[in-house]
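Colleague: Under the UniProt record's numbering, the very last position in the sequence shown is 220; numbers go up by exactly one each time. For each residue, glycine too, the CB sits at the ideal point set by N, CA and C.
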Amino acid sequence: MIPDNIAFTVAPMSEVVYPRKRRKSPKRDHLLDTALQLFYAGGFHAIGIDTLLAEAGVAKMTLYNHFESKDDLIVAALERHAAKRFTKLSEALGSGGEDPSDRLEAFFDFHQNWFAEKDFKGCPFQRAIAEYPDQSSPVLQAVRKHKQDILEKLVEIANDLDASDSKELAEQFYFLAEGAITKAHLFKDPAAAAKAKAAALELAEPSSDTRFSPLPTHLL
Numbered sequence: 001m002i003p004d005n006i007a008f009t010v011a012p013m014s015e016v017v018y019p020r021k022r023r024k025s026p027k028r029d030h031l032l033d034t035a036l037q038l039f040y041a042g043g044f045h046a047i048g049i050d051t052l053l054a055e056a057g058v059a060k061m062t063l064y065n066h067f068e069s070k071d072d073l074i075v076a077a078l079e080r081h082a083a084k085r086f087t088k089l090s091e092a093l094g095s096g097g098e099d100p101s102d103r104l105e106a107f108f109d110f111h112q113n114w115f116a117e118k119d120f121k122g123c124p125f126q127r128a129i130a131e132y133p134d135q136s137s138p139v140l141q142a143v144r145k146h147k148q149d150i151l152e153k154l155v156e157i158a159n160d161l162d163a164s165d166s167k168e169l170a171e172q173f174y175f176l177a178e179g180a181i182t183k184a185h186l187f188k189d190p191a192a193a194a195k196a197k198a199a200a201l202e203l204a205e206p207s208s209d210t211r212f213s214p215l216p217t218h219l220l
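(1) Can you tell me where the alpha helix (DSSP H) holding GLY179 begins and where it ends?
(2) Tell me the DSSP secondary structure of GLU205 in three-state form.
(3) Just list the beta strand (DSSP E) runs in the UniProt domain "HTH tetR-type" (25-85), keeping only unbroken ones of 3 residues or longer that don't cross its boundaries, in chain order.
(4) What are the boundary residues of the alpha helix (DSSP H) that GLN141 is part of?
(5) Could you confirm whether any beta carbon from chain B is found closer than 8 Å to the beta carbon of GLU117?
(6) Is SER95 near the ligand SAH, judged by its Cβ being under 7 Å from some heavy atom?
(7) If you drop the 5 nearest sequence neighbours on each side, which residues of the same chain put their C-beta closer than 6 Å to that of ASP39?
(8) Out of ASP50, GLU55, LEU63, LEU201, which one is the CA nearest neighbour of LYS24?
(9) Measure the alpha-carbon distance for ALA200 versus LEU176 and round it to whole angstroms.
(10) What are the start and end residues of the alpha helix (DSSP H) that includes ALA116?
(11) Would you call the CB atoms of LEU140 and ALA77 closer than 8 Å?
(12) Please name the residue, chosen from ASP119, GLN135, LEU53, ILE150, that lies closest to LYS88 on a Cα-to-Cα basis.
(13) Measuring CA to CA, which of ARG28, ASP162, GLY57 is closest to residue 258?
(14) Measure the C-alpha to C-alpha separation of GLU202 and PHE86 and round it to an integer number of angstroms.
(15) With a 10 Å radius around its C-beta and 16 neighbouring C-beta atoms as the bar for buried, classify SER107 as buried or exposed.
(16) Could you check the C-alpha separation between HIS146 and ALA59 for me, to the nearest Å?
(17) Give every residue of the same chain whose Cβ lies closer than 7 Å to the Cβ of LYS27, excluding the five residues on either side of it in the sequence, and list them in chain order.
(18) Tell me the DSSP secondary structure of LYS121 in three-state form.
Pasting the structure below:
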């Protein structure tokens with residue numbers, strides 16, 4: 001039994017060890033899903049451990065058995081959510097078939113469906129780096145890995161479009177997607193994805209003069 005006077009604290013970044021191969025269990029997964037839901041709704045710093053334990057209905061021992069700090073818990077929650085999101089995105093892109101333009105449309109349609117969800121409050125990964133901006137933070141590094149994986153998917157699409165500079169084109173698609181997330185959240189505008197898709201399809205046209213040039217003002 002853990003004495004009540006022992007607190008679960010956030011260790012200094014240099015002293016934290018971030019395990020990556022913890023034994024998985026239903027309780028651990030439930031704790032991570034609950035944590036992400038609470039952090040997404042209330043903020044990573046604002047939600048305390050006691051609130052998380054009460055909401056998840058688990059004992060402190062479960063927490064201590066799996067995580068060495070709150071930051072460790074946050075990283076694991078983001079990684080679990082990233083894996084789920086990436087799987088869903090990959091399935092959505094697969095529904096677009098072999099045509100890269102269709103896959104590009106599917107990419108932005110995936111975002112439009114997300115924006116239309118009742119509990120949409122923006123991107124949890126964007127929110128995480130707003131609270132953990134230090135480049136050495138494992139939280140920021142977990143977010144970077146997820147975003148890099150998404151960018152790689154866009155590079156694959158750009159490659160299949162036979163772009164002269166597929167990385168450059170993929171980054172423009174990525175900027176449109178990230179901007180659409182912010183627009184959809186800030187202005188409660190689910191149609192932001194459709195606007196971003198229209199701009200991306202113009203950029204994807206090989207004969208378009210808009211590729212690698214400023215976006216048309218009517219698409220902003």
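Modeller: Answer, in terms of the structure:
(1) Within the sequence shown, residue 179 is the residue found at index 179, counting from 1. Per DSSP, GLY179 belongs to the alpha helix (DSSP H) from 166-186.
(2) In the sequence shown, counting from the first residue as 1, residue 205 sits at position 205. Three-state result, GLU205: coil.
(3) none
(4) Stepping through the sequence shown from its first residue, residue 141 is reached at position 141. Looking at the DSSP string, the run of the alpha helix (DSSP H) that includes GLN141 is 138-160.
(5) This model lacks chain B altogether, as it is built from one protein chain only.
(6) Ligands displayed in this structure: none; no statement on the ligand SAH is therefore possible.
(7) Here residue 39 corresponds to residue number 39 of the sequence shown, with the count starting at 1. As written in the sequence, residue 39 is Phe, which differs from the Asp given in the question. ILE47.
(8) For this step, residue 24 is matched to residue 24 along the sequence shown. That would be LEU63, whose Cα lies nearest to the Cα of LYS24.
(9) Counted from its first residue, the sequence shown places residue 200 at position 200. Counted from its first residue, the sequence shown places residue 176 at position 176. Whole-angstrom Cα-Cα distance: 7 Å.
(10) Counting from one through the sequence shown, the residue named residue 116 turns up at place 116. ALA116 -> no alpha helix (DSSP H), and no H or E assigned at all.
(11) Taking the first residue of the sequence shown as position 1, residue 140 is located at position 140. Taking the first residue of the sequence shown as position 1, residue 77 is located at position 77. No, they are not a contact pair.
(12) Here residue 88 corresponds to residue number 88 of the sequence shown, with the count starting at 1. Here the closest residue by C-alpha is ILE150.
(13) With the chain covering only 1 through 220, there is no way to say anything about residue 258.
(14) In the sequence shown, residue 202 corresponds to position 202, counting from 1. In the sequence shown, residue 86 corresponds to position 86, counting from 1. Rounded to whole angstroms, GLU202 to PHE86 spans 25 Å at the Cα level.
(15) Start at 1 with the first residue of the sequence shown, and residue 107 comes out as number 107. Here the sequence assigns Phe to residue 107, which means Ser is not the residue at that position. The residue is buried, with at least 16 neighbouring Cβ atoms inside 10 Å.
(16) Position 146 of the sequence shown, counted from the first residue, corresponds to residue 146. Position 59 of the sequence shown, counted from the first residue, corresponds to residue 59. Going from the Cα of HIS146 to the Cα of ALA59 covers about 30 Å.
(17) Here the question's residue 27 lines up with position 27 in the sequence shown. Answer for LYS27: VAL58, THR62, listed in chain order.
(18) As a working note, residue 121 is residue 121 in the sequence shown. It is coil, neither helix nor strand.
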